[in-house]
Each structure stands twice: as C-alpha cells, then as structure tokens.
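Residue numbers (our numbering), protein chains in the order written: chain A, 3 to 333; chain B, 441 to 782.
Even glycine gets a Cβ: it sits at the ideal position worked out from N, Cα and C.
Comments concern the structure below.
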Amino acid sequence: MRKKNVYFLFVILSLCLIVVSALSILYGSKSVDMETLFDALFTNKESFSISVVQARIPRTLFGILAGASLGVSGCLMQSITRNPIADPSILGINTGASLFVVVGIAFFSISSPSQYIWLGFTGAILTAILVYGIASVGQSGATPIKLALAGAATSMALMSLVNTIMLPNSQVMDSFRFWQTGSIGGAKWNMILVLLPYFILGLLLSFYLSSSLNTLALGDELATSLGINSKKVRAMAAFAGVLLCGATTALAGPIAFVGLMVPHIMRLLIGSNMHYLLPLSALGGSILLLGADIIGRVIASPAELEVGIITAILGAPVFIYIVRKVKIRSL
Amino acid sequence: MKKQTREIIERVYHHQRKRIITITIILCIILCILMALSMMLGNTFYSLNTVIQSLLYENIPGASFTVNTLRFPRMLAGVFCGIAFGMAGNTFQKMLGNPLASPDIIGVTSGASTVAVFCILILHWSGNAVSIGAILGGMLVAFLIYRLSQGIGSNNGRMILIGLGFQAFLQAVISYIILRAAQYDVANALRWLSGSLNNVTIEEAVRIVIVVIFMGSSLVYLSRRLMLLQLGEDFATTLGLNIQRTKLLLIVNAIILSAVATSISGPIAAVSFLSGPIITRICKGNQANMLQAGLMGAILVLAGDLVAQNLLPARYPVGIITGILGAPYLLLMLFRMNHKGG
Numbered sequence: 003m004r005k006k007n008v009y010f011l012f013v014i015l016s017l018c019l020i021v022v023s024a025l026s027i028l029y030g031s032k033s034v035d036m037e038t039l040f041d042a043l044f045t046n047k048e049s050f051s052i053s054v055v056q057a058r059i060p061r062t063l064f065g066i067l068a069g070a071s072l073g074v075s076g077c078l079m080q081s082i083t084r085n086p087i088a089d090p091s092i093l094g095i096n097t098g099a100s101l102f103v104v105v106g107i108a109f110f111s112i113s114s115p116s117q118y119i120w121l122g123f124t125g126a127i128l129t130a131i132l133v134y135g136i137a138s139v140g141q142s143g144a145t146p147i148k149l150a151l152a153g154a155a156t157s158m159a160l161m162s163l164v165n166t167i168m169l170p171n172s173q174v175m176d177s178f179r180f181w182q183t184g185s186i187g188g189a190k191w192n193m194i195l196v197l198l199p200y201f202i203l204g205l206l207l208s209f210y211l212s213s214s215l216n217t218l219a220l221g222d223e224l225a226t227s228l229g230i231n232s233k234k235v236r237a238m239a240a241f242a243g244v245l246l247c248g249a250t251t252a253l254a255g256p257i258a259f260v261g262l263m264v265p266h267i268m269r270l271l272i273g274s275n276m277h278y279l280l281p282l283s284a285l286g287g288s289i290l291l292l293g294a295d296i297i298g299r300v301i302a303s304p305a306e307l308e309v310g311i312i313t314a315i316l317g318a319p320v321f322i323y324i325v326r327k328v329k330i331r332s333l
Numbered sequence: 441m442k443k444q445t446r447e448i449i450e451r452v453y454h455h456q457r458k459r460i461i462t463i464t465i466i467l468c469i470i471l472c473i474l475m476a477l478s479m480m481l482g483n484t485f486y487s488l489n490t491v492i493q494s495l496l497y498e499n500i501p502g503a504s505f506t507v508n509t510l511r512f513p514r515m516l517a518g519v520f521c522g523i524a525f526g527m528a529g530n531t532f533q534k535m536l537g538n539p540l541a542s543p544d545i546i547g548v549t550s551g552a553s554t555v556a557v558f559c560i561l562i563l564h565w566s567g568n569a570v571s572i573g574a575i576l577g578g579m580l581v582a583f584l585i586y587r588l589s590q591g592i593g594s595n596n597g598r599m600i601l602i603g604l605g606f607q608a609f610l611q612a613v614i615s616y617i618i619l620r621a622a623q624y625d626v627a628n629a630l631r632w633l634s635g636s637l638n639n640v641t642i643e644e645a646v647r648i649v650i651v652v653i654f655m656g657s658s659l660v661y662l663s664r665r666l667m668l669l670q671l672g673e674d675f676a677t678t679l680g681l682n683i684q685r686t687k688l689l690l691i692v693n694a695i696i697l698s699a700v701a702t703s704i705s706g707p708i709a710a711v712s713f714l715s716g717p718i719i720t721r722i723c724k725g726n727q728a729n730m731l732q733a734g735l736m737g738a739i740l741v742l743a744g745d746l747v748a749q750n751l752l753p754a755r756y757p758v759g760i761i762t763g764i765l766g767a768p769y770l771l772l773m774l775f776r777m778n779h780k781g782g
C-alpha cells in the first residue's frame, strides 16, 4: 500500500475519532447540544448541562486511552506470537488480572486505582507466561488451537478460584461484579492520571520496537542475520503488550476482543507494516471502544450496558470469521 | 487364524471384559456409599436407619421433612444430572475423537444456559418450558458450530476454536441478561450459573430421571456404533454403518441429556469434560464405556456436592468444586498432548 493512502486513512480515522468522541460526550440519557460542549470547554459558565458534559469528558478520554492500549497490545501480541487469534481475553490474561484484583479486594482491602494497576499487571504478566509456556511445550510450538485451549483451561481454573473467594463474601461480590464486566463508565480524572504513564511508556516502547518487529516478521533466522536480537525484541514487545492490556484491564475490567478485531481490520486495509499498523490500531481501538460504549448507552437507555459486553458480542463473530479463514495447516 | 492366536485374543477379550465388569461394580458401590452419605450428612446428622425409615413409611418428626423434601430430591438430581453430563461429555469426546471437545468447552452447554437464563430471569418461566428452551438452545448452537466448521476442509481443531468463539459470545449475552434482570434475582442466577443443586424440587428431579432413563439407555444402545465410528469413518462405512444418521442420533441424545441437566442444576463445571477421560484411563482399551462414564459423572457431582456442603467453611455451589478439580486435569492433559506433538 502506498504511503499517501496510509496518510489518507490516518486522517479519516482521526476525523472518525473526533466525531465519536463528540458523540460520546453529547449523547447519553441526558443529551446536550454542541453549544453546551463549547461552553463547557472554553468558558466558565455553570449549568446542569455543562456539569453533565464535564462528567462525560473523563469517560471519553479514558475510553480513548483504553481503546488505544488494547488495540496496540493486541497488535503486538499477534505479531510476536505469529498467531492470528492472540488477544488478552482468548489467552486468559484477563482472568489472571481478575484473580489478582479480587484477591486484593478480598484479603488486602485494596480500593485505589494505582494499587489495582499493579495487581492487574502482575496477574496479567504471570498468566501470560503460564499460558504461553503451556502452549509452547512440544514440537509444533504454540499453535492457535493449543494457545486457545491453554487459555480456556487457565481461565476455567482461575475463574473457579475467583468464585471461591467471591461467593461467600457479598461485599467483595458487589464491588467485583461491576469490575468483572469491562466498563469505562466509572472513569474519573485520577484514573486517567494513573493510566497515563503506563500508556505512554507502553506506546513509546512499541513504536520504538516497530522496525525490529518488522524484521522479526521475516523469520527468526533472517532477523538474527540482519542483526536483531530476536529474544530481546520479543521479550520487550511482550512486556509492552502486557503492560498496556494489564493496566487497562486493572482499571476498566476485562474488555474482550478489541485487541483481536482492530489489528485484523487494519491489516486488511494497509498490510502488515508495523510502522503504520501500530498507530492505526491505536486509533481504531479508540474508535471501536468509544463506539461500543455509545452503542451500550443507546440500546439500554436510560440505563447503560457495559462496553465489555458489547465488544464481546461484536467480536465473537469476527473471531469465528478469522478461525474460518486461517489455513488448517497453521491450526 | 491359528488356533493359538485365537485363544490369545479370546483370553485378552475375556480379561478386558472382566476388568470392565469389576470396574462397573466398584463404581456402583462408591456411588451407593456417596448416595447414602449425602442423605445422612448435612446440618443435622441422621443415621442410615432413620433415613431408610423416613423414606419408606414412618413419619419421624424433623427427620422426615429434611430427608424427604430437602435431601432426597437433591441427591436424586445430583446423581442423574451427573449421569447426564458424564454421558453427554463422553459421547462428544469419543465422536469427535478429541478429549477436549466436550459440550461445556465447545459452547453447547453455554447455548443451553443462555436460553435457560433468559427463560428464568426475563420470561419468568419455570419447569418443562425452561428445559425445552434449553434443549433448543443447545441444539441451535451445536448446529451452528457444526455448520460453520464445515465446508472449509472440516477439522476438529477448527470446530473447537469456533466453539470457543461461541462460548465468549454466549457468556457476554448471559452477562447482558443478568445485568438487565431484577436485582434480587442476580445472586440466584450467579449461583445457578456456577452449577448448584440448591433448591431442586422433586418434580425437577423426576424430570431428569425420566430423561436419563430414555436418552441414557438409547446412548448405551448406540455405544456399539460409537465404537465403530472411533475406528475411523471409512472403516465404519465399510462395516455398514450409516455415519450421518449415527452421528445425528448421538448428538441429539447427548444434547437433550446435557440441556435438561443444565436447565435443572446449571452448568456444573467440568463434569462432562472429566468423566469420559477418567473412565478411559481406568478401563484402558477403546470401548465406548458409556454407562461407566455416566456413573463417574454421578460420583463427581455427588462427591463435589458433599465436599462443598460439609467440608468447607462456606457453602459453595458444587460447580466450583468440580471446576477447581477440572482445571489441573485440563492443564495436565494439555501437557500430555504437547508431549505427543499435539
């Protein structure tokens, strides 16, 4: 694909993101108009509508960050595992983060976002190592089917443990139930501030690695002969990917399939050059997440439906489509 | 065939047969002990004598209500849901030739649960209607998984992956239904979703007993044909088996079993998945072992329920215990599969 087209797509997606963000701020059980939005942003007026807008701004910003993180993280994982179905939810990484968070809530009475992040991140990284380790034992390495089954098995194990901790304790159940289905509804400014450093670190690291990842895609041997330390690049990219998805999962709860869908759609549009794929996946992730969030508010109005449910409902058919397309050899 | 060879084959055959009969008897004995225990143990302990007396004729104050109304339906439902899950799982695993392809992993049970949760929480149905809905849900999902994995070089791995996709989708739908349901129903629904024998009534227990008697015996009848299928489809055709019809019969029977059981006890985790492989390992050989798998399922459910009710500090639904049991086994099996080169 020519560079010009990539820039064109970039501009279109940016415009889409602006439109979706505006919709996300304006639309809800109390809709406001553009004028109020400008008043809220640029003046010091005060009214009910303006405070509604001010409450929706952090949610929208958080959605943009979370979506971009998930998109980039999925893109990294698919690239380093050379596996079309790598996604935090399929690999059971979300459940690992869940277990650590629920242990934190139940036994260490943890409630602040910065502590959630560390727990979620630790859980995510341990589970990622476990699942990938189990799946790659044996001759044929980590094939999609082995990864998916290892993920399902690990999820089942960890979910039983989560239930064991949660069920007898109604207080934990209550605070965890809202966390368990991913949602960006509770986003506050302090959550954005907590997420931001991890987001920037993960994003910079992945952009820094993008040319090495491109070389790695040629195959390990060729990459080594071109002077790339493939183990180091893989480990760093995996770190960036788990950092991004672990931090997001810790704050928003498990949001499935964003990391699966977005890189696939982008790859269909622009091919697999990581230089373009990573930023476009970030944009696409934000658009998808905000869009799903708006859909959740529209169909369940006046209440709202958690964004994690919408992305799973949208994403599962895409997953099945991908599985149908993958050649049998590579299963 | 030489006389000697035939003698050896016959001896092996008889040995294997004897072995399986012994195993079946042992399983029956274990199951009877567990049944007796689950009638006796609980908040108050009743001796076996009291249990039998209050079941048969006498009205013993206190004991009669606990034993006849609370513990008996629970025990009955535990045994027969266990048999249903065990047989259904065994059928799917043997038919698809993959020990991972049990209905609870590839989304068929989730299809039944989704419809059952919808009927219970949104439509406020109960009884037979829920069971029929669950059967239809399970069938629809099984049909879709089957259709979607056909025509592109059908392959069991693809079928399992598509099933996992359905699983994710249906879980999201279930979460959606639960979030839209009334607040006071939610705790119950969550408990039910992890598989629980709480609040089983005698009508429900009788329903699963009837279903197990009909569908279970037809599966036992079909298990000879299942053995032929296991030899490979070409070979089975040569031996005069109508493959499509046999598969259809097996699937329909297995889905009815697991869907009705799901509509009563909820999806008790990992029972379908565990029973078949455990039995295959104990019995060795490549028989279908349908009856034994059912017995193993019943033992798993009853033992899990006893542990969940009596040994732990809080009263957990049985599905959590079996789920914790099932997970390490799954991991172990993945390791073994990997060592064979997957």
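According to DSSP, is residue i part of a helix, a strand, or is it coil?
i	result
A/GLN90	Correcting the residue type first, residue 90 of chain A is Pro in the shown sequence and not Gln. Here A/PRO90 sits in coil by DSSP.
B/VAL570	helix
B/ASP544	coil
A/ALA305	coil
A/GLU48	coil
B/ASN750	helix
B/GLY781	Confidence at B/GLY781 is low in this model, with a pLDDT of 45, below 50, so its placement is unreliable and the value that follows should be read with caution. It is coil, neither helix nor strand.
B/ALA517	helix
A/LEU333	Only weak support exists for where A/LEU333 lies, its pLDDT of 47 falling under 50; the value from the coordinates is given anyway. Looking at A/LEU333 - three-state DSSP - the assignment turns out to be coil, as it is neither helix nor strand.
A/HIS277	helix
A/ALA388	This structure cannot settle anything about residue 388 of chain A, because the visible part of chain A is limited to 3 through 333.
A/ASP35	coil
A/THR145	coil
Report the neighbours of residue i on chain A: residues whose CB is nearer than 7 Å to its CB, in chain order.
i	result
B/GLY766	MET158
B/THR698	According to the sequence as given, residue 698 of chain B is Ser; it is not Thr. In chain order: nothing, as chain A lies at least about 17 Å away.
B/SER634	ASN165
In chain B, which residues lie with their C-beta within 7 Å of the C-beta of residue i?
i	result
A/VAL325	ARG598, LEU601, ILE602, GLY605
A/ALA154	ILE545, LEU604
A/ILE194	Chain B residues near A/ILE194: none, gap ~25 Å exceeds 7 Å.
A/ALA68	Per Cβ cutoff of 7 Å: no residues; A/ALA68 is ~18 Å from chain B at best.
Which whole-angstrom value is the C-beta distance of residue i and residue j, which I expect to be below 8 Å?
i	j	result
A/GLY310	A/ALA249	Not a contact, Cβ separation roughly 16 Å.
A/CYS247	A/GLY261	7 Å
A/ILE82	A/PHE321	The Cβ separation is near 19 Å, so there is no contact.
B/VAL711	B/GLY522	6 Å
A/LEU93	A/VAL54	Not a contact, Cβ separation roughly 38 Å.
B/ALA694	B/LEU659	7 Å
A/LEU39	A/ILE27	6 Å
Going along chain B in order, which residues have a C-beta closer than 9 Å to the C-beta of residue i?
i	result
A/PRO146	GLY597, LEU601
A/PHE321	LEU601, ILE602, LEU604, GLY605, ALA608, PHE609
A/ILE186	Within chain B, no residue comes near A/ILE186; the closest Cβ sits about 15 Å away, beyond 9 Å.
Who are the neighbours of residue i on chain A, taking C-beta pairs under 8 Å?
i	result
B/ILE760	SER162, ASN165, THR166, LEU169
B/ALA709	MET158, SER162
Closer than 7 Å to a non-hydrogen atom of the ligand NAP - does that hold for the CB of residue i?
i	result
A/THR83	Annotation note on the ligand NAP: not contained in the displayed structure, which lists no ligands.
Cβ closer than 8 Å: which chain B residues qualify as neighbours of residue i?
i	result
A/ALA258	ALA608, ALA612
A/THR183	SER615, LEU619
A/VAL318	Looking at the sequence shown, residue 318 of chain A is not Val but Ala. Result: GLY605, PHE606, ALA608, PHE609, ALA612.
Give the interface partners of residue i over in chain A, defined as CB-CB distance under 9 Å, in chain order.
i	result
B/LEU588	ILE322, VAL325, ARG326
**Message:** Give me the subset of the segment 83 to 111 of chain A whose CB atoms are less than 8 Å from a CB atom of chain B, sorted by chain position.
**Reply:** ILE87, SER91, ILE92
If you pair each beta-carbon of the segment 260 to 277 of chain A with each one of the segment 215 to 222 of chain A, do three or more pairs fall below 8 Å? yes
Between the segment 564 to 581 of chain B and chain A, which residues of the former have CB atoms less than 9 Å from a CB of the latter, in chain order? none
Determine, using beta-carbon pairs with one atom in the segment 90 to 108 of chain A and one in the segment 155 to 162 of chain A, whether at least three such pairs fall under 8 Å.
yes
Do the segment 543 to 552 of chain B and the segment 664 to 680 of chain B touch if we need at least three Cβ pairs shorter than 8 Å? no
- Counting Cβ pairs, one atom from each stretch, are 3 or more of them under 8 Å apart for the segment 463 to 478 of chain B and the segment 739 to 750 of chain B? yes
Handout entry: Residues in the segment 289 to 311 of chain A having any Cβ partner in chain B nearer than 9 Å
Key = ALA302, ALA305, LEU307, GLU308, GLY310, ILE311
Q. Is the segment 277 to 296 of chain A touching the segment 8 to 21 of chain A, taking contact as three or more C-beta pairs under 8 Å?
A. yes
Does the contact criterion of 3 or more C-beta pairs under 8 Å hold for the segment 688 to 705 of chain B versus the segment 566 to 586 of chain B? yes
Checklist entry - In the segment 528 to 555 of chain B, which residues sit with their C-beta less than 8 Å from some C-beta in chain A, listed in chain order? => result LEU540, ILE545
ask   = In the segment 735 to 764 of chain B, which residues sit with their C-beta less than 7 Å from some C-beta in chain A, listed in chain order?
value = ALA754, TYR756, ILE760, GLY763, ILE764
- Query: Taking contact to mean at least 3 C-beta pairs separated by less than 8 Å, is the segment 285 to 304 of chain A in contact with the segment 442 to 450 of chain B?
  - Reply: no
Below 8 Å, how does it come out for the segment 748 to 760 of chain B and the segment 629 to 639 of chain B: are there three or more Cβ pairs, yes or no? yes
Just checking, does the segment 524 to 536 of chain B make contact with the segment 647 to 658 of chain B on the three C-beta pairs under 8 Å criterion?
yes
Would you call the segment 198 to 205 of chain A in contact with the segment 58 to 72 of chain A, where contact means no fewer than 3 C-beta pairs closer than 8 Å?
yes
Problem set entry | Sufficient close CB pairs (3 or more, under 8 Å) joining the segment 607 to 624 of chain B to the segment 553 to 571 of chain B | yes
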